[in-house]
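Peer 1:
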Amino acid sequence: MSGVAFAITAGIGFGLFQAVNRRANTGIDAYRATFGLLAIGTVLLAGWSLLTQDLSLLTSAPLASLAFFGAAGIIHFFLGWTFLALSQQRVGASRTSATVAVAPLIASILAAVVLDEGLTAVIITGVLLAVIGLALLALRSSTASADDGQRFPIFGLAAAISWGTSPLFIRWGLEGLPAPILGVTVGLAAAMAAYALALTVSGRWSAGRLPTSNLWWLAVAGVLVAVAIAAQWISYDLIAIAIAFTIMQLAAPVVIVTAPVIVGTDMERITWRLVAGTALVMSGSILAILAA
Numbered sequence: 010m011s012g013v014a015f016a017i018t019a020g021i022g023f024g025l026f027q028a029v030n031r032r033a034n035t036g037i038d039a040y041r042a043t044f045g046l047l048a049i050g051t052v053l054l055a056g057w058s059l060l061t062q063d064l065s066l067l068t069s070a071p072l073a074s075l076a077f078f079g080a081a082g083i084i085h086f087f088l089g090w091t092f093l094a095l096s097q098q099r100v101g102a103s104r105t106s107a108t109v110a111v112a113p114l115i116a117s118i119l120a121a122v123v124l125d126e127g128l129t130a131v132i133i134t135g136v137l138l139a140v141i142g143l144a145l146l147a148l149r150s151s152t153a154s155a156d157d158g159q160r161f162p163i164f165g166l167a168a169a170i171s172w173g174t175s176p177l178f179i180r181w182g183l184e185g186l187p188a189p190i191l192g193v194t195v196g197l198a199a200a201m202a203a204y205a206l207a208l209t210v211s212g213r214w215s216a217g218r219l220p221t222s223n224l225w226w227l228a229v230a231g232v233l234v235a236v237a238i239a240a241q242w243i244s245y246d247l248i249a250i251a252i253a254f255t256i257m258q259l260a261a262p263v264v265i266v267t268a269p270v271i272v273g274t275d276m277e278r279i280t281w282r283l284v285a286g287t288a289l290v291m292s293g294s295i296l297a298i299l300a301a
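In the numbering used here, the protein residues as written are 10 to 301.
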């Protein structure tokens with residue numbers, strides 16, 4: 010299986026995950042739903058690591074690398090997935106997915122600022138396209154849900170910022186532990202531990218029993234995201250990251266097509282603003298990726 014095929018698998022997997030995750034967190038709190046995803050993803054990727062990875066690399070890895078991977082997990086999963094769930098509940102999976110598609114663009118800007126990789130005219134053009142796209146997504150149509158009180162998908166943008174920041178820590182972690190599957194497993198485990206502590210301190214464990222149907226959807230979402238993460242990191246090892254990132258922009262249109270079927274709410278209706286905004290955000294991100 011080629012790197013392109015793995016990247017396509019990751020893009021489709023992430024798109025299906027976002028749609029299924031929206032269905033899973035309907036009617037329940039985003040925090041316990043996110044913890045459930047983290048627990049499932051950690052178990053599955055830990056099993057994958059046991060079967061395919063050289064675990065001795067963990068014992069010989071510098072503590073700094075493990076700390077960087079842990080920080081990446083906190084930023085990407087603890088914060089990013091929480092913001093994702095909150096955004097999906099407020100503005101729907103489709104607008105959220107279109108918004109988080111700006112993450113590679115944010116990563117390119119941060120790489121230019123933090124790693125001195127240069128801020129080119131192409132990246133600046135990508136920023137302008139993404140800003141216009143986000144403005145379209147923020148406009149509420151006349152058919153929008155009455156409870157859509159937040160015109161700008163702020164939590165979706167927060168998720169994108171989290172996902173655009175975590176690659177910096179992943180890159181620093183890989184310098185001492187060049188095993189991305191082990192690294193992402195460490196990051197997931199750190200995020201799960203942090204979430205368990207947060208839920209305990211806040212007393213959210215006793216916030217009511219989760220419906221069985223939601224648990225099944227959470228299980229499906231957890232499997233999808235674990236497969237997508239594994240495919241994502243394998244593609245990074247086989248093809249250029251810029252190409253893999255570009256292919257994985259498939260996630261946004263996959264969400265737009267599948268969310269109305271899986272979720273079935275008026276909030277997920279396909280509108281011209283949604284399609285145009287998504288196209289602009291994806292174009293901006295792809296420009297930035299290809300300029301890297």
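Glycine is no exception: its CB is placed at the ideal position from the N, C-alpha and C atoms.
Taking only the alpha-carbon atoms, compute the straight-line gap between Thr174 and Met257 and give it to the nearest angstrom.
Peer 2: Whole-angstrom Cα-Cα distance: 17 Å.
Peer 1: Excluding the 5 residues preceding and the 5 following Gly158 in the sequence, name in chain order all residues of the same chain whose CB lies nearer than 7 Å to its CB.
Peer 2: In this prediction, Gly158 scores a pLDDT of 46, lower than 50, which makes its location untrustworthy; the coordinate-derived value is nonetheless stated afterwards. Excluding sequence neighbours, Gly158 sits near nothing in its chain.
Peer 1: Go through the region 11 to 94 residue by residue and report every complete run of the alpha helix (DSSP H) that reaches 4 residues or more, in order.
Peer 2: Complete alpha helix (DSSP H) runs here, min 4: 12 to 33, 39 to 61, 65 to 69, 72 to 82.
Peer 1: Smallest Cα separation from Leu227: which of Gly20, Ile17, Gly12, Val29?
Peer 2: Nearest C-alpha to Leu227: Val29.
Peer 1: Would Val232 pass as a contact of Leu53 if the rule is Cβ separation under 8 Å?
Peer 2: In this structure, Leu53 lies closer than 8 Å to Val232 by Cβ.
Peer 1: State the DSSP-derived secondary structure class of Arg104, mapped to helix, strand or coil.
Peer 2: Helix.
Peer 1: Distance, Cα to Cα, Ala288 vs Phe254?
Peer 2: If you take the alpha carbons of Ala288 and Phe254, they lie about 16 Å apart.
Peer 1: Return yes when the Cβ of Leu166 is within less than 8 Å of the Cβ of Val319, no when it is not.
Peer 2: This structure gives no information on residue 319, because the portion of the chain shown stretches from 10 to 301.
Peer 1: Could you give the DSSP three-state label for Gly135: helix, strand or coil?
Peer 2: If DSSP states are grouped into helix, strand and coil, Gly135 belongs with the helices.
Peer 1: Just reading off the alpha helix (DSSP H) that Met201 is part of, what are its end residues?
Peer 2: Unbroken alpha helix (DSSP H) run through Met201: 189 to 211.
Peer 1: Is the number of C-beta pairs between the region 195 to 215 and the region 21 to 28 that are closer than 8 Å three or more?
Peer 2: Judged by Cβ distances under 8 Å, the region 195 to 215 makes no contact with the region 21 to 28, as fewer than three pairs qualify.
Peer 1: What would DSSP say about Ala253, mapped onto helix, strand or coil?
Peer 2: It is helical.
Peer 1: Assuming Arg180 is part of the alpha helix (DSSP H), what are its boundary residues?
Peer 2: It spans 163 to 183 - the alpha helix (DSSP H) in which Arg180 sits, taken as one unbroken run.
Peer 1: I need the straight-line Cα distance from Gly12 to Val210, nearest angstrom please.
Peer 2: Those two C-alpha atoms are separated by around 42 Å.
Peer 1: On the CB-based measure, 16 or more other CB atoms within 10 Å of its CB, does Phe26 come out buried or exposed?
Peer 2: So Phe26 ends up on the buried side.
Peer 1: Cutting at 8 Å between CB atoms, please list the residues of its own chain near Val284, excluding the five before and the five after it.
Peer 2: Closer than 8 Å at Cβ, skipping near neighbours: Ile265.
Peer 1: Measuring CA to CA, which of Leu191, Gly56, Ser106, Arg213 is closest to Met291?
Peer 2: Of Leu191, Gly56, Ser106, Arg213, the residue nearest in Cα terms is Ser106.
Peer 1: How would you write the range of the alpha helix (DSSP H) that Ala120 sits in, first residue to last?
Peer 2: First-last of the alpha helix (DSSP H) with Ala120: 112 to 123.
Peer 1: Val109 and Trp172: beta carbons closer than 8 Å?
Peer 2: Yes; because the gap between Cβ atoms is below 8 Å, this pair is in contact.
Peer 1: By alpha-carbon positions, which one of Ala70, Ala94, Gly56, Ala198 ends up nearest to Leu47?
Peer 2: Among Ala70, Ala94, Gly56, Ala198, the Cα nearest to that of Leu47 belongs to Ala198.
Peer 1: Do the region 184 to 193 and the region 71 to 83 make contact, defined as three or more Cβ pairs closer than 8 Å?
Peer 2: The region 184 to 193, when compared against the region 71 to 83, does touch it at the 8 Å Cβ threshold.
Peer 1: So, using beta-carbon positions, are Leu67 and Leu191 closer together than 8 Å?
Peer 2: Yes, these two residues count as a Cβ contact at 8 Å.
Peer 1: What separation, rounded to the nearest whole angstrom, lies between the Cα atoms of Arg104 and Pro162?
Peer 2: Taking the straight line joining both Cα atoms gives about 7 Å.
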